[in-house]
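Residue numbers (this note's numbering): 260 to 437. Here the structure comes first, spelled out in structure tokens, and everything after it is commentary.
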């Protein structure tokens, strides 16, 4: 029997738990000396579907110089409350999260990446729809900004699956206990 697809959070955070500054800047992250690509290529090889919120989508589009979509080889879904026309690379959706995730998991394929934090991550955590967390910690304290985990009505227990060091970064890999 084939192993079920998993929804995986793969993200970098400051040591004090922020994924961006108040101005939504990631400059602090790019200043940290990593090693190679810090495991991103290996991770991207293990996924074929990407889920993100509209804020993350907008940030990516704004910061891609030539407005090219960096994940054109993946199935990409952007969760939004607005009605937006799909593009060649992205489907804009507003589904019931548990139903949508269950349908994705029934399909053949690789793992599913939930990109970014904020509202979408909160919704997924609340619905217990995340299977793994791969969190890369940067040795930086930024004091305030966009938190990785917002306060909310969720409680997940985790099992440490592994850890790796990429020069100044530390990656922690957790399974969600079921």
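C-beta: ideal position from N, C-alpha, C; glycine also. Note that the structure is a prediction, hence the values are computed from the model and not measured.
Own chain partners of residue 291 with C-beta closer than 6 Å, once the 5 adjacent residues on each side are dropped: Translated into positions along the chain shown, residue 291 becomes position 32. Cβ neighbours of residue 291 beyond the five flanking positions: 397 and 427.
Under 8 Å between C-beta atoms of residue 337 and residue 313: In the chain shown, residue 337 corresponds to position 78, counting from 1. In the chain shown, residue 313 corresponds to position 54, counting from 1. Yes. Within cutoff.
Validate contact between the region 327-347 and the region 388-407 using beta carbons, cut 8 Å, 3 pairs: No, they do not touch.
Which of helix, strand or coil DSSP assigns to residue 420: For the purposes of this step, residue 420 is taken as residue 161 along the chain shown, with counting starting at 1. Reduced to three states, the DSSP call for residue 420 is strand.
Three-state class that DSSP yields for residue 372 in the structure shown: Taking the chain shown and counting its residues from 1, the one referred to as residue 372 is at position 113. Residue state, collapsed to three classes: strand.
Residue 375, buried or exposed, once every other Cβ within 10 Å from all chains shown has been counted against 16: The residue labelled residue 375 in the question sits at position 116 within the chain shown. With 16 or more other Cβ atoms within 10 Å, it is buried.
Pair within 8 Å by beta-carbon distance, residue 371 and residue 267: Translated into the one-based positions of the chain shown, residue 371 becomes position 112. Translated into the one-based positions of the chain shown, residue 267 becomes position 8. For the pair residue 371 and residue 267, the CB atoms are nearer than the 8 Å cut-off.
Cβ neighbour criterion (16 or more within 10 Å) applied to residue 311: If you number the chain shown from 1, residue 311 lands on position 52. Buried, because 16 or more other Cβ atoms sit within 10 Å of the Cβ of residue 311.
Buried versus exposed call for residue 321 [16 or more other C-beta atoms within 10 Å across all chains shown]: Here residue 321 is taken as the residue at index 62 of the chain shown, counted from 1. By the 10 Å Cβ count, residue 321 comes out exposed.
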